[in-house]
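Numbering (the UniProt record's numbering), first residue to last: 1 to 79.
The beta-carbon is built from N, C-alpha and C at its ideal position, and this holds for glycine as well.
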């Protein structure tokens, strides 16, 4: 069984672009590359973009700190 912290560390090591689904924000996603995280699942993302699923738009955010409380799902985008 893979521990959640180990999966996040793998995303960090591989520099994979990930998509994050936000808590109580079903139309918004955040995409970026993890460059840091802590035990509370707070993430530092580089090349972050806000993706609006409904409007099909993308807004560049640059480097951000995303609080772990906002994360519902994390997945590799394959990019």
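For residue i, verify whether its CB is less than 8 angstroms away from any heavy atom of the ligand NAP.
i, result
"residue 65", "You won't find the ligand NAP in this model; it holds no ligand whatsoever."
Just to confirm before moving on: does the CB-CB distance between residue i and residue j stay below 9 angstroms?
i, j, result
"residue 42", "residue 67", "yes"
"residue 9", "residue 69", "no"
"residue 71", "residue 49", "no"
"residue 20", "residue 73", "yes"
Judging by CA-CA distance, which residue of the options is the nearest neighbour of residue i?
i, options, result
"residue 59", "12, 17, 28, 7", "28"
"residue 18", "4, 39, 45, 1", "45"
"residue 6", "38, 50, 24", "38"
"residue 55", "13, 26, 20", "26"
"residue 35", "11, 51, 3, 57", "11"
"residue 78", "4, 33, 3, 63", "33"
What is the DSSP secondary structure of residue i, counted as helix, strand or coil?
i, result
"residue 68", "helix"
"residue 13", "helix"
Please give me, in chain order, every unbroken run of the beta strand (DSSP E) with length at least 3 that falls completely inside the segment 24-54. 25-37, 43-52
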